[in-house]
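Just below is one structure, and these are the notes that go with it.
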Amino acid sequence: MVWTGVRGIADLATGTKITADTVFDIGSVAKQFTATAILLLVDAGRLALSDPLAQYVPDLPDWAATVTVAELMHQTSGIPDYIGLLEEQGYQSTDRTTQAQALQALAAAPELGFRPGAHFEYSNSNYLLLGEIVRRVSGHPLPEFLSTEVFQPLGLAMAVDPVGKIPDKAVSYDKGDTGSQFRVLDSPWEQIGDGAIQTTPSQLVRWADNYRTGTVGGPKLLEEQLAGAVETEPGGGDRYGAGIFARADGTLEHSGSWAGFVTEFRVSSDRRTSVAISCNTEKQDPETMADALGRLWM
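Be aware that the sequence shown starts at 1, since it is given in full-length UniProt numbering, and climbs by one per residue.
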């Protein structure tokens with residue numbers, strides 16, 4: 001760790017300041033961990049990326065037989081986003097929704113948005129389903145699997161826990177465009193796989209070193225994380241690999257945003273430098289700060 005900077009308030013009600021140990025929900029930055037779990041199971045011979053989704057989650061419509069694990073991982077499945085499906089049912093981010101409800105919403109989806117593998121289209125459903133595959137193949141819930149196979153071996157202080165009371169966790173806030181007061185955002189959505197990891201930016205930087213060392217997964221995992229990565233736009237240089245964007249300049253990147261929390265995570269093209277920034281209000285822009293730090297260090 002070369003530099004850690006903190007600023008701001010973790011809890012307006014108590015005046016608690018943000019510190020280097022303040023915990024944030026990193027949102028979709030968590031997807032790379034779910035993908036890592038899948039690749040570890042592939043390397044263990046427990047499943048194949050070419051396997052159909054229906055083999056592991058049979059309680060879905062017929063379209064599940066046409067979608068492969070690889071297409072889930074690379075966001076090319078055509079499966080609609082469960083968040084939008086639940087919102088169509090009237091649920092808001094402040095309403096409690098469960099993993100089972102998300103799966104039920106997908107089970108009610110009559111068709112895919114496009115032919116699997118045709119093109120990239122980001123959908124949180126892909127990683128929620130990958131999390132289900134980890135549970136059903138390994139026999140352990142995704143939080144337990146990641147703790148045993150990834151977090152503990154790397155000494156990472158991380159937890160997959162969307163609604164638990166996490167020590168030192170910041171309170172997230174929203175603020176209207178008209179200068180209104182900050183209001184607490186506390187979402188009781190319980191889905192995992194596509195997000196829900198609670199940690200600090202410093203721990204993300206420690207995780208980033210695994211893209212260089214392969215301490216978890218070895219050299220084979222490092223290759224598999226970008227093998228088969230797909231273009232995010234036709235003719236563009238950016239690709240999406242195993243839960244991580246591979247930018248045209250060789251850097252790895254993913255952002256996360258959920259219920260007021262925002263995170264930006266980047267790893268340099270030589271895999272020796274990384275930047276992680278988290279905020280507890282969406283009114284801040286960690287991408288702009290990451291751009292500035294990247295120009296200095298990456």
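From the three backbone atoms N, C-alpha and C, an ideal C-beta is built for every residue, glycine too.
Computed from a predicted structure; not experimentally measured.
State the CB to CB distance for the pair residue i and residue j, rounded to an integer number of angstroms; the pair is presumed to be in contact (CB under 8 Å).
{"i": "Ala107", "j": "Leu60", "result": "6 Å"}
{"i": "Ser28", "j": "Thr94", "result": "At roughly 20 Å, the Cβ-Cβ gap does not stay under 8 Å, so Ser28 and Thr94 are not in contact."}
{"i": "Leu41", "j": "Val134", "result": "7 Å"}
{"i": "Ile244", "j": "Gln225", "result": "7 Å"}
{"i": "Leu72", "j": "Asn126", "result": "4 Å"}
{"i": "Arg46", "j": "Val137", "result": "5 Å"}
{"i": "Asp194", "j": "Leu128", "result": "5 Å"}
Can you tell which of the options has its C-alpha closest to the C-alpha of residue i?
{"i": "Phe26", "options": "Glu231, Leu185, Ile133, Ser257", "result": "Looking at the sequence shown, residue 26 is not Phe but Ile. Closest by alpha carbon: Ser257."}
{"i": "Leu185", "options": "Tyr173, Ala196, Gly117", "result": "Tyr173"}
{"i": "Val23", "options": "Gly294, Ile277, Thr288", "result": "Ile277"}
{"i": "Gln191", "options": "Ala37, Ala30, Ala13, Ala10", "result": "Ala30"}
{"i": "Ile18", "options": "Gln203, Arg272, Asp168, Ser269", "result": "Asp168"}
{"i": "Leu85", "options": "Leu252, Val67, Gly113", "result": "Gly113"}
{"i": "Glu132", "options": "Val69, Ser50, Val171", "result": "Val69"}
{"i": "Ala20", "options": "Gln203, Pro58, Glu233, Glu231", "result": "Gln203"}
{"i": "Arg7", "options": "Asp291, Met298, Pro286", "result": "Pro286"}
In the DSSP assignment, find the alpha helix (DSSP H) that holds residue i and state where it starts and stops.
{"i": "Phe33", "result": "31-43"}
{"i": "Ile133", "result": "124-138"}
{"i": "Leu103", "result": "99-107"}
{"i": "Glu224", "result": "218-224"}
{"i": "Tyr91", "result": "From DSSP, Tyr91 is part of no alpha helix (DSSP H); its letter is neither H nor E."}
Where do the N-terminal and C-terminal ends of the beta strand (DSSP E) with residue i fall, by residue?
{"i": "Ala276", "result": "274-279"}
{"i": "residue 300", "result": "No information on residue 300 is available, as it lies outside the stretch 1 to 298 that the chain covers here."}
{"i": "Ala10", "result": "9-11"}
{"i": "Ser202", "result": "Run containing Ser202: none in the beta strand (DSSP E); it sits in the alpha helix (DSSP H), 201-208."}
{"i": "Leu252", "result": "252-258"}
Please confirm if residue i has its CB atom under 8 Å from at least one CB of chain B.
{"i": "Gly218", "result": "Of the protein chains in this structure there is only one, and it is not chain B."}
Subject >> At least 3 beta-carbon pairs within less than 8 Å: the region 201-211 vs the region 259-271 >> reply: yes
Subject >> Runs of alpha helix (DSSP H) lying entirely within the region 173-199, each at least 4 residues, in chain order >> reply: none
Original post:
Do three or more CB pairs link the region 144-163 to the region 68-81 at distances below 8 Å?
Top reply: no
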